[in-house]
Each structure stands twice: as structure tokens, then as C-alpha cells.
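One structure is given below, encoded as C-alpha cells.
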Amino acid sequence: MRIIYIDIDTLNPSHLGCYGYNRNTSPNIDSVAKKGVRFENYYCSNAPCLPSRAALVSGMFGIHNGCVGHGNEAAEKKVNFKERGFRNPDDENNLFNVFRKCGMHTTSISTFAERHSAWWFNSGFHEMYNNGTCGQESGEEVEPLAIDWLKRNKDRDNWFLHFHLWDPHTSIRVPESYPNPFKDEELDPWYTQELLDKHMNCVGPHSCREISGLNDIQDPQHPRQKPKATTMKELKEVIDSYDTGISYADYIVGHILDLLKEQGIYEETAIIISSDHGENVGELGIYQEHGSADQATCHIPLIFKLPEGAENVVAKNLYYNVDLAPTMADLLGVEPYHKWDGESYSNVLKTGEETEGREFIVVSQMSHIAQRAVRYKDWIYIRSYHDGFHLFDDEMLFDLKNDPHEEFDIKDSNPDVIEKCRALLGKWTEDQLATSDFREDPLRTVMHEGGPFHARNCDLPPYLDRLRKTGRASQADELEKKFLVKNINREYV
75 MRIIYIDIDT LNPSHLGCYG YNRNTSPNID SVAKKGVRFE NYYCSNAPCL PSRAALVSGM
135 FGIHNGCVGH GNEAAEKKVN FKERGFRNPD DENNLFNVFR KCGMHTTSIS TFAERHSAWW
195 FNSGFHEMYN NGTCGQESGE EVEPLAIDWL KRNKDRDNWF LHFHLWDPHT SIRVPESYPN
255 PFKDEELDPW YTQELLDKHM NCVGPHSCRE ISGLNDIQDP QHPRQKPKAT TMKELKEVID
315 SYDTGISYAD YIVGHILDLL KEQGIYEETA IIISSDHGEN VGELGIYQEH GSADQATCHI
375 PLIFKLPEGA ENVVAKNLYY NVDLAPTMAD LLGVEPYHKW DGESYSNVLK TGEETEGREF
435 IVVSQMSHIA QRAVRYKDWI YIRSYHDGFH LFDDEMLFDL KNDPHEEFDI KDSNPDVIEK
495 CRALLGKWTE DQLATSDFRE DPLRTVMHEG GPFHARNCDL PPYLDRLRKT GRASQADELE
555 KKFLVKNINR EYV
């Protein structure tokens with residue numbers, strides 16, 4: 075079998091045509107969905123970039139592999155030294171080694187490992203191509219590597235290729251030669267003046283007045299990355315830039331698909347299209363960042379085309395990215411690793427009949443914010459342990475069926491749902507720690523380190539001054555009281 079995994083960074087599925095978006099951002103990705111299975115409720119167990127791929131590759135939740143953040147101890151996978159022999163068994167039994175174990179030649183075209191010093195990501199690959207940009211390179215820099223590899227291996231069978239694109243990731247780096255396809259198109263109806271007026275009072279990194287982080291300074295090196303959205307015109311520019319990043323990635327995907335068809339191997343090649351995490355593009359008042367444990371950040375696309383598999387099927391049950399390792403082991407006849415947390419969904423890929431899935435899932439974010447969330451039925455319950463300076467309530471509840479963009483926190487009117495989700499989260503945490511190689515919950519590690527890595531690197535006092543100068547004095551007072559006066563996480567100052 076030939077397998078290509080197209081790994082498009084920072085891809086919010088609600089901005090893809092095959093997931094119902096009103097703009098034509100993804101015609102090539104959509105064409106693969108028609109030939110395979112599209113997963114409606116697929117989530118990264120841990121967000122953002124580094125924790126998500128640590129979970130994907132290890133097949134283990136962050137609470138088990140230890141990697142839940144972007145810096146300090148929480149950015150490293152933990153090693154069970156009692157089991158660590160000449161080689162680390164967790165790496166020897168990771169996702170990519172599944173392909174090697176069944177005799178496949180494995181290749182990765184990605185800068186991810188160097189970007190995060192996550193060299194375990196390379197375990198299982200025969201070949202690794204890294205153009206040395208340390209991540210976020212524009213697609214035209216890596217597309218030639220993929221095209222060249224496919225041409226050189228056109229007569230080879232039994233290979234796995236991982237191809238990584240960064241284009242939707244902030245800062246948007248799509249080349250200026252690629253025009254904005256949405257210049258004359260309307261925004262999704264969700265984006266209204268009323269919504270923007272509400273978001274103008276939001277605070278925290280990447281709110282609409284500070285999309286650059288904690289300011290509205292334009293980066294001259296990345297003119298397509300807009301620094302603020304304080305008018306509907308500016309808001310359209312922000313959404314256009316993100317959608318253009320998706321469109322450009324899809325444009326490159328089209329070139330890959332065209333080559334496979336030209337070589338006569340498209341039908342017999344398994345194609346997987348997914349992402350490490352989504353993106354907040356207004357949800358929770360956050361723009362162009364993936365810094366929460368909400369639907370926008372943790373809900374990711376999965377489109378999976380198998381040769382002679384199910385076609386034009388939508389899988390609606392709940393799945394994690396850690397499910398990919400046991401699924402591939404199942405499909406390829408490889409013995410699953412006993413420490414994997416995932417479950418195979420191979421049946422729906424082969425037959426279109428959905429016999430797999432879960433009652434609920436738990437997702438986490440501990441790089442920008444310290445949060446865990448429970449997706450249960452149509453609800454998403456979010457528990458914040460450190461809100462990353464956004465002034466979120468400790469608990470939030472959203473009805474995703476009627477409020478897919480998480481505008482209305484309805485916890486007060488649904489106490490029974492809150493209690494159910496609290497119980498699910500508590501039981502899940504207990505169960506995971508009971509089966510862990512390590513005694514401490516990595517959430518506690520993050521909080522003992524002083525809070526989420528990116529929040530620790532925020533210079534809060536100047537931001538409080540900015541808030542007071544921009545009509546948000548009451549929010550500044552609340553932040554000051556919460557993080558400075560009460561001496562919470564004094565490391566920040």
C-alpha cells in the first residue's frame with residue numbers, strides 16, 4: 075500500500091468547504107472527502123502544536139506521555155526509566171514505526187522536529203527532509219521536495235509519506251504572488267457588527283484589538299498577517315488572510331493529487347488529511363491563535379481515503395487523534411502497543427458502518443491557557459485553571475448544536491449538565507492517573523512552573539496600561555487584582 079499523510083497545520087474544519095463553510099477554500103481537500111470518510115467530530119487530545127503531535131505520534135494522551143506545553147518540563151515527553159532499555163519502547167512503538175514494522179519505506183517532509191526540539195518525532199522514518207527554516211515556511215518552499223520525492227519513487231510500492239504544510243498558521247506567510255481569492259466575497263454570516271462590538275471589550279492575547287499578541291503592531295515581514303480587527307473592514311481582512319492560508323495549502327494539495335493521478339496511483343493510494351489543531355477565528359473573542367481547549371482549537375479535520383474503502387461517508391461519533399496509531403496497526407496487521415490510549419476506527423473506513431466512537435472525550439490546553447474540556451453530546455464544558463489573561467470564568471458551557479462558535483455561556487441555566495461534565499472530567503482524570511507511569515498530573519507541573527508557558531512570557535503591566543488607554547480600565551483592574559494584587563503567579567512580573 076502507498077500512504078500519504080498531508081499534515082496541514084492550524085486547520086479549523088469549520089473553514090473547509092466539505093465541513094460546510096460558505097467560502098470555497100478547499101476544493102481539492104473536498105474532492106478527497108468525496109472519495110473517503112470525513113470525520114465530523116475528531117479532536118486533538120492535547121493542544122496546541124507540540125502536545126498535539128506528541129499525542130498523535132506516541133498514541134498516548136498528554137497526561138500519560140507528559141508533554142502538554144511549549145516550554146520547561148511540560149514540553150518534554152517523560153521517559154519511564156524502569157522500562158527504558160537500549161531503546162525507548164515508547165518511540166519504538168510510535169505511529170510512524172507502525173509503517174516500518176509492516177515493511178514500508180517511511181519519509182517525512184517537515185520542519186516540526188527542529189522547531190520544537192522534538193527529535194522523537196523522527197523516530198520511525200527512513201528519510202527526513204528539513205529545509206532548515208525551523209517551521210512556518212511557506213508552502214512553495216516544501217512542495218518541490220514532495221513533488222521530487224514522488225517522482226523519484228513513482229515505481230515504488232509500499233511507502234508512507236508525511237508531508238507538512240504550515241500556511242494557515244499565524245503569521246500568515248502565503249506569498250504575495252498568490253492573490254486573495256476572497257477579496258470580493260462576503261464573510262460568513264456569523265461575523266456581524268454586533269459580534270465585533272462585543273469582542274472590542276475582550277482582553278487577553280490575540281483579542282480583536284491585539285491580534286499581534288498584546289499589541290496591534292503590524293509586522294512588516296508578514297504583511298498578510300493583520301494586527302487588529304476594530305472595524306468590519308479590518309475584520310474581513312483578518313478572516314480573508316486565514317482563509318487565504320487554507321486556500322494556498324489546498325492549492326498545493328491539488329498539485330500533489332494531480333501528480334498521483336498523472337502517475338496512475340491516485341486510486342490505490344491511501345490519503346489522510348488532518349491537522350495538529352484548529353484555530354480561533356473569533357471564538358471566545360480570540361483571533362488567529364490556538365490557545366484554548368475549546369471547540370475552535372481542539373476540533374480538527376480528518377479526511378481518510380482508503381483504496382477500495384468507504385466513499386463519501388461522514389463519521390459522526392467522537393474520536394481522538396491518538397486513534398490513528400491503533401487504526402493503522404489494525405489496517406496493516408501490526409500488533410498494537412499496550413500503552414496506546416487510542417481505539418481503532420478501521421471498520422468505518424472499510425465498510426462505512428460506524429461501530430466505533432465514545433460517549434465523551436476530554437481535551438486539554440496548557441501552553442497559552444491551562445484548561446481541560448469535556449465534549450459530551452452537543453455540549454462542551456471548559457474548566458479553566460489559568461485563563462491566560464482573558465478573564466474567562468472558571469467554568470464555561472456551550473451548546474455546540476445551537477451555538478457552534480461558542481458565543482453564549484449557558485452554565486447558569488444548565489446546572490445538571492455542569493454536574494455531569496464535572497463528574498466525567500473528575501473520573502477521567504482519576505482513571506488516567508491510575509494507569510500512568512508517573513504520579514503527578516502534568517497540569518500540576520504546569521501550574522507549579524508558574525502557569526502556561528506563553529502566559530509566563532507576557533509582560534502584563536504594560537498591557538494593563540494599554541487596556542486603560544483603550545477604554546478597558548475595568549478589565550485592567552480585574553486583571554491586576556487577579557494576577558498582581560493577589561500575588562498569583564508573581565513570575566509574570
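Each number in the numbering used here comes from the position in the sequence shown (counting from 1) with 74 added on.
For glycine and all other residues, C-beta sits at the position ideal for the given N, C-alpha and C.
Quantities reported herein were computed from a predicted structural model and do not represent experimental measurements.
Asked, Found
"How many angstroms separate the CA atom of L392 from the CA atom of R449?", "9 Å"
"Could you give the residue range of the alpha helix (DSSP H) that holds D473?", "Counting along the chain, D473 falls outside any alpha helix (DSSP H), though it belongs to the beta strand (DSSP E) covering 469–473."
"Taking I320 and S100 to be in contact with their CB atoms under 8 Å, please state how far apart those CB atoms are, rounded to whole angstroms.", "6 Å"
"Among D83, R161, N168, which one has its Cα closest to the Cα of D397?", "N168"
"From what residue to what residue does the alpha helix (DSSP H) around T519 run?", "516–522"
"Using DSSP with H/G/I as helix, E/B as strand and the rest coil, what is S458?", "strand"
"Whether or not the region 479–486 and the region 109–126 are in contact is what I'm after, with contact meaning three or more pairs of Cβ atoms, one per stretch, closer than 8 Å; do they touch?", "no"
"For a test of the three-state rule: what should DSSP assign to I330, helix, strand or coil?", "helix"
"Please name the residue, chosen from G426, F170, I137, K555, that lies closest to M402 on a Cα-to-Cα basis.", "F170"
"How would you call F173, buried or exposed, if buried means at least 16 neighbouring beta carbons within 10 angstroms?", "buried"
"Exposed or buried, I246, counting other C-beta atoms within 10 Å across all chains shown (16 or more means buried)?", "buried"
"Below 8 Å on the Cβ atoms is my contact criterion, and I expect M440 with A148 to pass it. Report the Cβ-Cβ distance as a whole number of Å.", "6 Å"
"Check C92 in the structure and name its three-state DSSP category.", "helix"
"May I ask which residues mark the beginning and end of the beta strand (DSSP E) holding T425?", "Taken as a continuous stretch (DSSP letters only), T425 belongs to no beta strand (DSSP E), being part of the alpha helix (DSSP H) at 420–425."
"Could you name the residues of the same chain whose beta carbon sits closer than 7 Å to that of E341, not counting the 5 residues immediately before and after it, in chain order?", "P381"
"Over what stretch of residues does the beta strand (DSSP E) that includes D83 continue unbroken?", "Unbroken run through D83: none, as it is neither H nor E."
"Where do the ends of the alpha helix (DSSP H) carrying E188 lie?", "186–189"
"Taking the beta strand (DSSP E) that S348 belongs to, which residues open and close that run?", "343–348"
"Could you please give the first and the last residue of the uninterrupted alpha helix (DSSP H) stretch that includes F170?", "169–175"
"Have a look at I82 and S119 and give me their C-alpha separation to the nearest angstrom.", "17 Å"
"Return the CA-CA distance between Y265 and L376, expressed in angstroms with no decimal places.", "26 Å"
"Return the chain-ordered ranges of every alpha helix (DSSP H) run that is complete within the region 480–562 and spans a minimum of 4 residues.", "489–508, 516–522, 527–530, 534–543, 547–554"
"Once the 5 residues before and after E554 are set aside, which same chain residues still bring their CB inside 7 Å of it?", "L538"
"Which residue's Cα is closest to the Cα of A447: G431, L517, A384?", "L517"
"Taking the continuous beta strand (DSSP E) assigned at S438, which residues delimit it?", "434–439"
"By the 10 Å Cβ neighbour count, where 16 or more other Cβ atoms means buried, how is Q445 classified, buried or exposed?", "buried"
"Given that a residue counts as buried once 16 or more other Cβ atoms are within 10 Å of its Cβ, and exposed if not, what is E480?", "buried"
"Measure the beta-carbon distance from G462 to I443 and round it to whole angstroms, keeping in mind my assumption that it falls under 8 Å.", "4 Å"
"Please specify which runs of the beta strand (DSSP E), each continuous and at least 3 residues long, are wholly inside the region 105–188, giving them in chain order.", "111–117, 179–183"
"Rank H464, V142, D332 by C-alpha distance to the C-alpha of I221 and give the top, closest one.", "D332"
"Give the straight-line distance between the Cα atoms of T578 and N488, rounded to the nearest whole angstrom.", "Nothing can be reported for residue 578, as the shown portion of the chain is limited to 75 through 567."
"What is the DSSP secondary structure of V448, reduced to helix, strand or coil?", "strand"
"Are the region 503–517 and the region 527–534 touching, with three or more C-beta to C-beta distances below 8 Å?", "no"
"Is W414 helix, strand or coil when you go by DSSP?", "coil"
"Just to check my reading of the structure: N354 and T371 have Cβ atoms closer than 8 Å, yes? What is that Cβ distance to the nearest angstrom?", "6 Å"
"Identify whether Y325 lies in helix, strand or coil by the three-state DSSP scheme.", "helix"
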